[in-house]
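Using full-length UniProt numbering, the letters of the sequence shown map in sequence onto residues 1 to 364.
Every residue, glycine too, gets a C-beta built ideally from N, C-alpha and C.
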Amino acid sequence: MADSAATIPTPDPEAPAAAPVADLPSGEPIPSSAPPSTTPRRQPLPLGTLLAALPSNVDAFLTRLDKCLSTPSGIDTVMLFLCYTSKFSASVLSSLSQSALRRSAREWIALVATLPRGTTVVFSSPSATSTTGTSTAAAAAAAGATKTRLPSAAALALLLSKRLSALSSLLSEARMILRLWALLGMYFWARRLVRQTRLSSSSSSSSSSSSQSKEEDESAAAAAPPSKPALALEYLRLALCVAFQALENGAYLSSRGVLGWTPAQQARAFKWSARLWAAYVGIELGRLAAERVSGSSRGSGGGNAESAARERTEWTKKVVRQLAWAPLTLHWGSEKGLLSETAVGALASIPGIIQLRDLWASTA
1 MADSAATIPT PDPEAPAAAP VADLPSGEPI PSSAPPSTTP RRQPLPLGTL LAALPSNVDA
61 FLTRLDKCLS TPSGIDTVML FLCYTSKFSA SVLSSLSQSA LRRSAREWIA LVATLPRGTT
121 VVFSSPSATS TTGTSTAAAA AAAGATKTRL PSAAALALLL SKRLSALSSL LSEARMILRL
181 WALLGMYFWA RRLVRQTRLS SSSSSSSSSS SQSKEEDESA AAAAPPSKPA LALEYLRLAL
241 CVAFQALENG AYLSSRGVLG WTPAQQARAF KWSARLWAAY VGIELGRLAA ERVSGSSRGS
301 GGGNAESAAR ERTEWTKKVV RQLAWAPLTL HWGSEKGLLS ETAVGALASI PGIIQLRDLW
361 ASTA
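What follows is the structure, given as structure tokens:
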């Protein structure tokens, strides 16, 4: 499921610093007051020290991993990362192994073409030790040369690709099962929107009939409910999410025999759920663009540079995630697909990496 969720110029940390006086050109040499900088080389830790620290490092890693998997959102983030990095790796391994096998086949054909006319080449299992034909030595040499080349590595890569593809499919289905309960969270989202709508209407009526001091106005502005256009946009996002999730749940449950939708209805539901997701992603990108414009217009005044940099980083991560999901939603919502398996795995790995880094940092 896609994530719901101003730029202040900062000094370039890599900008060259002003040269010291001793470094400026002059008629006579001026000794530098600063001693020559000597960066101490980092000494490698002894093997015994690394082995002694291994249990504590493993324990710290498992502790943080347990914290990551202690919430449903954390579980989904970890599975998202593993699902699409596995898909990407499987696609790359499959492409490499198939190209290696095709190259090996071409080499076999070229080798056989160099044999004398009338030569018979017998393909045997590895346990067989004899070959027959008018040129037994040539056939044995060809078999030995081929046995030591790429097909064994290509076959191993194909096997690993198959295993990773199966893992990706399993994790994708597990994430879909976890999303069966997403409509419950959307109910509370809708309830919060209804409360904000009531608060907005009550605050607008009270503000027209009462006057407030400057301090009260500032506190009310800080806790002001969203405007009517913002509420309308939020209702639209909620409606898209509810429709998307309902269609996906119905299609998946029907594929498992829980509901009675036909395969054609299931395929249509999956496609329309992806199209609704694409509409949601488009709205999110527009909202983030408007947030950037309004934030940059407010950022001219003095403010906390650290907070502004943190907000800018979070905004960038949200934009990158939505930009990665955008072509994927169009791919899944189209009739014949637009992207290759490699592109799907690579693009979907971007949100997984970003979310997993944030999740891992939160467990420190």
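With respect to the 9 Å criterion, S161 and A230 are not classified as neighbours on the basis of their beta carbons.
Scanning its chain for C-beta atoms nearer than 8 Å, with the 5 sequence neighbours on each side dropped, one finds around K228 the residues S200, in chain order. In the structure shown, T363 adopts coil according to DSSP, grouped into three states.
Sequence-distant partners of L183 (beyond 5 residues in either direction) whose C-beta falls short of 6 Å from its own C-beta, in its chain, are Q245.
Rounded to whole angstroms, the gap between the alpha carbons of S56 and L62 is 10 Å. Contact annotation, V58 with C68: C-beta distance approximately 16 Å; criterion of less than 8 Å not satisfied.
For A274, the CB contacts under 7 Å within the same chain, skipping 5 residues up- and downstream, are T329, W332 and G333 in chain order.
With a cutoff of 9 Å on beta-carbon distance, G352 and T71 are scored as not near each other. In the DSSP annotation of this structure, the continuous segment of the alpha helix (DSSP H) that includes N249 starts and ends at K228 to S255. Per DSSP, the unbroken alpha helix (DSSP H) holding W315 starts and ends at A305 to G333.
The straight-line gap separating the alpha-carbon atoms of L82 and S168 is approximately 7 Å. When secondary structure is reduced to three states using DSSP, K67 falls in the helix class. Minimum Cα-Cα distance from A326 among the listed residues A343, A232, P46 and R256 corresponds to A343.
By the beta-carbon neighbour count (other beta carbons within 10 angstroms, threshold 16), K336 is exposed. In this structure I354 is buried. Its beta-carbon is surrounded by 16 or more other beta-carbon atoms within 10 angstroms. In terms of Cβ geometry, D66 and R175 do not form a close pair [threshold 9 Å]. Note on V281: 16 or more other CB atoms within 10 angstroms of its CB, so buried under the neighbour-count rule.
Taking the Cα of A309 as reference, the smallest distance to any Cα among R292, E284, Q322 and W272 is reached at R292. When secondary structure is reduced to three states using DSSP, S73 falls in the helix class. The shortest C-alpha to C-alpha distance from L359 to any of A154, R163 and G74 is the one to G74.
Going by beta carbons, I283 and L233 fall inside the 9 Å limit. Under a 10 Å Cβ-count criterion, S307 is classified as exposed, with fewer than 16 other Cβ atoms of the shown protein chains found around its own Cβ.
One alpha carbon belongs to S362, the other to P263, and they sit about 42 Å apart. Here the alpha carbon of G185 sits roughly 50 Å from the alpha carbon of S152. With contacts defined as CB atoms closer than 9 Å, A305 and A324 fail to qualify as a contacting pair. It is roughly 10 Å from the alpha-carbon of S340 to the alpha-carbon of A346. For the pair E248 and A269, the CB atoms are nearer than the 9 Å cut-off. Contact between S97 and L164 is absent: CB atoms are separated by about 12 Å, not below the 8 Å threshold. Relative to the Cα of A267, the nearest Cα in the group Y252, L259, G257 and V258 belongs to Y252.
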